[in-house]
Amino acid sequence: MIKKGVATSEFHVVLEDDFLLEKDIKIPYPIFLKPIDAANGNGVDDESLVYDYKSFKNKSDKLFSKYGKVVLAEKYLAGREFTVAIIENELKQTVTVAPIEIVPPKNKDNIRILGEKVKTENSEKIKKVTDELLKFKLEKLALQCFYALGVRDFGRIDIKMDEAGVCNFIEANLVPGMTEGSSYFPKAFEIDAGISYSDVINLIIENAIDRIVVDGEKVN
207 MIKKGVATSE FHVVLEDDFL LEKDIKIPYP IFLKPIDAAN GNGVDDESLV
257 YDYKSFKNKS DKLFSKYGKV VLAEKYLAGR EFTVAIIENE LKQTVTVAPI
307 EIVPPKNKDN IRILGEKVKT ENSEKIKKVT DELLKFKLEK LALQCFYALG
357 VRDFGRIDIK MDEAGVCNFI EANLVPGMTE GSSYFPKAFE IDAGISYSDV
407 INLIIENAID RIVVDGEKVN
């Protein structure tokens with residue numbers, strides 16, 4: 207993503223078998239630690255935000271023991287958090303983009319962390335993005351990421367602001383949850399554009415049908 211010119215947080219890939227020495231950490235504290243490939247906020251909690259090398263190592267060790275030998279360390283972005291759902295029909299040349307803001311509750315340290323506990327309890331608030339300029343920026347960045355990654359059909363792009371309000375790419379979820387009433391992907395379309403859960407499913411299915419070819423002819 208960096209090579210494509212997409213704004214993203216500074217990071218280190220942290221390996222259990224070749225752990226970073228304190229002098230090798232080039233990003234400033236506080237640093238945010240999370241598993242490199244876990245879903246649903248797994249491994250993310252109040253201890254994920256670390257302020258010194260001791261807590262950096264302690265949290266890394268906990269993640270190594272539960273999620274494998276690789277951890278992602280990112281420069282902490284203290285701004286607002288968003289996710290953008292995208293459905294593209296390449297043959298019809300249509301794309302539907304739906305950004306929403308996610309607001310986790312504040313923890314004991316007055317910090318909002320979208321982690322496993324928050325997601326399990328559904329205690330975060332999900333809000334429509336009403337500022338048109340901000341919405342435009344989120345959609346533009348999400349589509350830039352979507353196409354840079356070569357995503358096909360649909361996906362969800364997570365975005366977070368830094369302290370200055372600059373939007374940064376966080377991650378792409380290409381197998382987004384589809385639980386009716388709670389998963390961010392269908393909820394984004396409902397909140398942003400009033401598209402029902404069943405219509406979201408239909409849009410995804412239509413993409414697949416439009417690509418089906420039997421004996422050299424497209425099936426309608």
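Residues 207 to 426, numbered by our numbering, are exactly what the sequence shown covers, in order. Idealized CB from N, CA, C, for every residue including glycine. Only a predicted model underlies this, so the values are computations on that prediction, with no experimental measurement involved.
Check                                                                                 : Outcome
Start and end residues, beta strand (DSSP E) containing Ile292                        : 287–295
Range of the contiguous alpha helix (DSSP H) that encloses Leu339                     : 338–354
Residue span of the beta strand (DSSP E) that contains Asn472, given as start and end : Outside the modelled stretch of the chain, which goes from 207 to 426, sits residue 472, for which no answer is possible.
Range of the contiguous alpha helix (DSSP H) that encloses Pro392                     : 390–399
Cβ neighbour criterion (16 or more within 10 Å) applied to Pro311                     : exposed
Nearest-angstrom beta carbon gap, Leu221 and Lys275 [assumed within contact, 8 Å]     : 6 Å
For Arg318, three-class secondary structure by DSSP                                   : strand
For Thr302, three-class secondary structure by DSSP                                   : strand
Cβ pair count under 8 Å reaching 3, the stretch 210–225 against the stretch 373–380   : yes
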